[in-house]
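Remarks on the structure that follows.
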Amino acid sequence: MGKGCLLNLNGAGNGYVKGVVRRFAQSSIDHRGTPEAPGRVVTVIEAKEWHGLEGVSLTNGHILPEDYVWGVAYRIDPDKEDEVRAYMGERFHVYSPYIYLCLTLIGCRSARLTCHFSVGYEPVDQLAKTIKERCGPSGPNKEYLFKLADAVRHLWPHIRDDYLFGLEAAVRAIDTN
Numbered sequence: 591m592g593k594g595c596l597l598n599l600n601g602a603g604n605g606y607v608k609g610v611v612r613r614f615a616q617s618s619i620d621h622r623g624t625p626e627a628p629g630r631v632v633t634v635i636e637a638k639e640w641h642g643l644e645g646v647s648l649t650n651g652h653i654l655p656e657d658y659v660w661g662v663a664y665r666i667d668p669d670k671e672d673e674v675r676a677y678m679g680e681r682f683h684v685y686s687p688y689i690y691l692c693l694t695l696i697g698c699r700s701a702r703l704t705c706h707f708s709v710g711y712e713p714v715d716q717l718a719k720t721i722k723e724r725c726g727p728s729g730p731n732k733e734y735l736f737k738l739a740d741a742v743r744h745l746w747p748h749i750r751d752d753y754l755f756g757l758e759a760a761v762r763a764i765d766t767n
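For the sequence shown, this note's numbering assigns the number 591 to the initial residue and increments by one for each residue that follows.
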């Protein structure tokens, strides 16, 4: 949620959704990249679908121990709902309403890699290079990754997110600035 929305909250709580993973599998042409050089931002995807892209075969219904995503659920002041929706509509204006719902209701069961901004699986070295090099109106793509990794460490120090922290390490390893 954006800083402007924080004034309209009635509360928040930590939690997690099982059976999903957070991956840098969506292009960003308006915040962390441009139409000519899209950045990468996270999306929450059903773990089974993601593992299929990685070539990992799981038995039906099986998930890996790391197949969950921690997050914060916010309760919006009902009197401010229109204001918050207007802000969220502006913030996420290039995404379809389907994606808007998945971004605001993290863990939506129907999350799929069918959005036209989806880039799917990319090898870590290629993804790290893209994130290191891209920049958009909201700032450098690597800043988004680093802030997300820092936030996850701060909010949930007990969890281990090998994907996120591995990607962060890969970007830092090639970033000479």
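Where is the CB? At the ideal position from N, CA and C, for every residue including glycine.
How about Ile666 and Val659: are their beta carbons less than 8 Å apart?
Stepping through the sequence shown from its first residue, residue 666 is reached at position 76. Stepping through the sequence shown from its first residue, residue 659 is reached at position 69. Not a contact, by the Cβ cut-off of 8 Å.
Have a look at Gly710 and His748 and give me their C-alpha separation to the nearest angstrom.
For the purposes of this step, residue 710 is taken as the residue at position 120 of the sequence shown. For the purposes of this step, residue 748 is taken as the residue at position 158 of the sequence shown. Taking the straight line from one Cα to the other gives about 28 Å.
At which residues does the beta strand (DSSP E) containing Val659 begin and terminate?
Locating residue 659 in the sequence shown gives position 69, counting from the first residue. Element bounds for Val659: 658-666.
When the distance is taken between beta carbons, is Asn767 closer than 8 Å to Arg630?
Position 40 of the sequence shown, counted from the start, is the residue given in the question as residue 630. Position 177 of the sequence shown, counted from the start, is the residue given in the question as residue 767. No, Cβ-Cβ distance for Arg630 and Asn767 is not below 8 Å.
Residues in its own chain within less than 6 Å of Phe707 by CB, not counting five upstream and five downstream?
The residue given as residue 707 occupies position 117 in the sequence shown. If we look at Phe707 and ignore the five residues flanking it on each side, its Cβ neighbours are Gln616, Ser617.
On the three-state DSSP scale, how would you describe Glu636?
In the sequence shown, counting from the first residue as 1, residue 636 sits at position 46. Glu636 falls in the strand class under three-state DSSP.
Cutting at 6 Å between CB atoms, please list the residues of its own chain near Trp746, excluding the five before and the five after it.
The count along the sequence shown starts at 1 and reaches residue 746 at position 156. So the qualifying residues of the chain are Trp660.
If you draw a straight line from the alpha carbon of Lys638 to that of Glu656, how long is it in whole angstroms?
For the purposes of this step, residue 638 is identified with residue 48 of the sequence shown, where counting begins at 1. For the purposes of this step, residue 656 is identified with residue 66 of the sequence shown, where counting begins at 1. Taking the straight line joining both Cα atoms gives about 12 Å.
Alpha-carbon spacing of Arg654 relative to Lys737, whole angstroms
Residue mapping note: residue 654 aligns to position 64 of the sequence shown, counting from 1. Residue mapping note: residue 737 aligns to position 147 of the sequence shown, counting from 1. It is Leu, not Arg, that sits at residue 654 in the sequence shown. Taking the straight line from one Cα to the other gives about 26 Å.
Do the CB positions of Val634 and Val662 come within less than 8 Å of each other?
Within the sequence shown, the letter at position 44 stands for residue 634. Within the sequence shown, the letter at position 72 stands for residue 662. Cβ distance not < 8 Å, so Val634 and Val662 don't count as in contact.
Judging by CA-CA distance, which residue of Gln716, Pro668, Lys719, Phe755 is the nearest neighbour of Gly601?
Within the sequence shown, numbered from 1, the residue matching residue 601 stands at position 11. It is Pro668 whose Cα lies nearest to the Cα of Gly601.
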